[in-house]
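In UniProt numbering, the protein residues as written are 1 to 579.
Backbone N, C-alpha and C fix where the C-beta goes; we use that ideal spot for every residue, glycine too.
All values derive from a computational prediction rather than experimental measurement.
Encoded as structure tokens, the structure appears first; notes follow it.
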């Protein structure tokens, strides 16, 4: 047996597993013989499931894989019989999957300051009725005792001048609903939960109080870890949070770094070793850095879990629990989520103390009311023609379009078709290298390529402020994901439009979709009603037409230019259509 390398299943983050395309397999001698140890905790395919070939910590050493997670038997990449990998000795003990992380000593902790809120006189002078009317107007409900009153303007929050200056530069007219209530809650040092739709301004709801908190703490010493830790489900969301932290932290020289899988660890390790007051991280890569001893969480006094529901959906609960166990218990903890399922409630119950909560909108499943929802019941055959017809109309508005696709293969095929037809379209999905994904996102944000096709996993955490249209080319597997998708438009109080192609294959979701439409006072197509009435049968629709070819309106500026030649994104069939 010799050490070697193996290909990972994709460049997506899996819980606790970083995702460079190769992971190393080394052999380690311990009491029971030689064991397999995946240097990055890699997955190997095992007969329709996944077996983890490493990171199984036993009392006698590192045990050899053997049935982690969803393995259903069969052959793994390095052995057989349930994906056991090489070896299997190592004194069989407890498998926690987190390597060398132990339990820190929380005795004799140094006290720290976390309450910085001084209520503005204008806020003090408002009557209880005025406060109640404001909360009702903004569809805001409160849970807990001693909840601070909401503010109505940026200058009422009590932020120092260096933050107010940056806010004024952004040109925002007024705080969003969640910011009005979350800022006083966070600045008062309380543990808090905020439930609000995607695109409601949650990021700076926790980022700005983080700046105030950090500036009140002692400076970092060599070897110290961060003061503020922000956990996010995906690399895209982590990067977007970092952009906001950089923007508002530069005047007070607050350093940050972003730690996520799919890219080399070297630059991230360098930032951690140099020291950063804020670390924004996906749980899997952070566990790796802690296990390698490249950082620690001893100085963390401000913990944020953003999109907590998505992190749990993606299976990160064990990683989150292990990370939180490394942080002092008297920290301030903030949890932000778009939904409030029982799993998120349980996490909040375990991690937050004497918490207060703000909910914007109903806790029932609902869509952003700023988004006009258009449902088109059609056949699978009709989709491509209908898409081109819509793009023809949207192109007159100079709007960005985000198109959701069900599979990576269809995303590539459709992107190639659109580019051959002259549309400035690019695709982003989990099989693409991180560098290309970043480039595609930059092209889309800048408007150089105003059409982006994306799968659900690749789009999680995507925050582009001026998306005018979301098109669901393939309906999502459930209405929760549908709501997350269409929430990419109509952000920060703006209006947006979603167009959804719904076929008989999606009929099982018809009743739930109708509930969402009616709650948002949207039109329900007769065909969709009939589909729901007949238990999912019906639908279809006419053939439509392919439309659109040959109507190019001159060359599109820089369409799809430069940088990459990966699959569908590389095709350039002459001039792109002007957008």
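{"Query": "With a 10 Å radius around its C-beta and 16 neighbouring C-beta atoms as the bar for buried, classify residue 361 as buried or exposed.", "Result": "buried"}
{"Query": "How far does the alpha helix (DSSP H) with residue 526 in it extend, from its first residue to its last?", "Result": "526-533"}
{"Query": "For residue 483, collect the residues of the same chain with a Cβ closer than 6 angstroms to its Cβ; drop the 5 residues on either side in sequence, then sort them by chain order.", "Result": "367"}
{"Query": "Would you check if the distance between the CB atom of residue 172 and the CB atom of residue 152 is smaller than 8 angstroms?", "Result": "no"}
{"Query": "From 238, 210, 160, 528, pick the residue whose C-alpha is nearest to that of residue 374; which is it?", "Result": "528"}
{"Query": "Which complete beta strand (DSSP E) runs does the region 293-326 hold, if anything under 3 residues is left out?", "Result": "302-305"}
{"Query": "In angstroms, rounded to a whole number, what distance separates the CA positions of residue 404 and residue 488?", "Result": "11 angstroms"}
{"Query": "Report yes if the C-beta of residue 172 is less than 7 angstroms from at least one heavy atom of the ligand NAP; otherwise report no.", "Result": "The ligand NAP is not among the ligands present in this structure, which contains no ligands whatsoever."}
{"Query": "When burial is assigned at 16 or more other CB atoms within 10 Å of the CB, is residue 475 buried or exposed?", "Result": "buried"}
{"Query": "Under the three-state reduction of DSSP, which class applies to residue 376: helix, strand or coil?", "Result": "strand"}
{"Query": "Are residue 357 and residue 131 close, meaning C-beta to C-beta below 8 angstroms?", "Result": "no"}
{"Query": "For the region 178-186 and the region 196-212, state whether three or more C-beta atom pairs, one from each stretch, are separated by less than 8 angstroms.", "Result": "yes"}
{"Query": "DSSP on residue 335, reduced to helix/strand/coil?", "Result": "strand"}
{"Query": "Look up residue 355 in the DSSP assignment and give the residues it is bridged to.", "Result": "Per DSSP, none; premise fails for residue 355."}
{"Query": "CB residue 359 to CB residue 200, shorter than 8 angstroms?", "Result": "no"}
{"Query": "Do the region 462-473 and the region 488-504 touch if we need at least three Cβ pairs shorter than 8 angstroms?", "Result": "yes"}
{"Query": "Identify which residue in 381, 156, 213, 364 has its Cα closest to the Cα of residue 196.", "Result": "364"}
{"Query": "Taking a contact to mean a Cβ-Cβ separation below 8 angstroms, would you say residue 149 touches residue 118 in this structure?", "Result": "no"}
{"Query": "Using only alpha-carbon positions, find the residue among 447, 417, 222, 317 that is nearest to residue 346.", "Result": "317"}
{"Query": "Does the separation of the CB atoms of residue 284 and residue 261 fall below 8 angstroms?", "Result": "yes"}
{"Query": "Residue 212 and residue 160: beta carbons closer than 8 angstroms?", "Result": "yes"}
{"Query": "From the DSSP output, in three-state form, read off residue 260 for me.", "Result": "coil"}
{"Query": "Could you pull out every residue in the same chain whose Cβ sits closer than 6 angstroms to the Cβ of residue 189, ignoring the five residues on either side in sequence?", "Result": "114, 115, 332"}
{"Query": "Given this structure, state the Cα-to-Cα distance separating residue 533 from residue 507, to the nearest angstrom.", "Result": "10 angstroms"}
{"Query": "If we ignore side chains and look at the alpha-carbon of each, how far apart do residue 569 and residue 425 end up?", "Result": "8 angstroms"}
{"Query": "Kindly indicate the opening and closing residues of the alpha helix (DSSP H) around residue 417.", "Result": "408-420"}
{"Query": "Residue 569 by DSSP, collapsed to three states: which one?", "Result": "helix"}
{"Query": "Based on the DSSP secondary-structure assignment, which residues constitute the bridge partners of residue 400?", "Result": "467"}
{"Query": "Count the other CB atoms, across all protein chains shown, that sit within 10 Å of the CB of residue 240; report buried if there are 16 or more and exposed otherwise.", "Result": "buried"}
{"Query": "Just list the beta strand (DSSP E) runs in the region 202-275, keeping only unbroken ones of 3 residues or longer that don't cross its boundaries, in chain order.", "Result": "228-231, 256-259"}
{"Query": "Name the DSSP beta bridge partners of residue 496, please?", "Result": "371"}
{"Query": "DSSP has residue 278 in a bridge; who is on the other side?", "Result": "228, 256"}
{"Query": "Pull the bridge partners of residue 177 from the DSSP assignment, please.", "Result": "Answer by DSSP bridge pairing: none, since residue 177 is not bridged."}
{"Query": "Measuring straight from C-alpha to C-alpha, what distance separates residue 154 and residue 164?", "Result": "7 angstroms"}
{"Query": "Taking 8 angstroms as the cut-off, decide whether the C-beta atoms of residue 233 and residue 282 are in contact.", "Result": "yes"}
{"Query": "Counting C-beta neighbours from all protein chains within 10 Å, is the total for residue 145 16 or more, i.e. buried, or is it exposed?", "Result": "exposed"}
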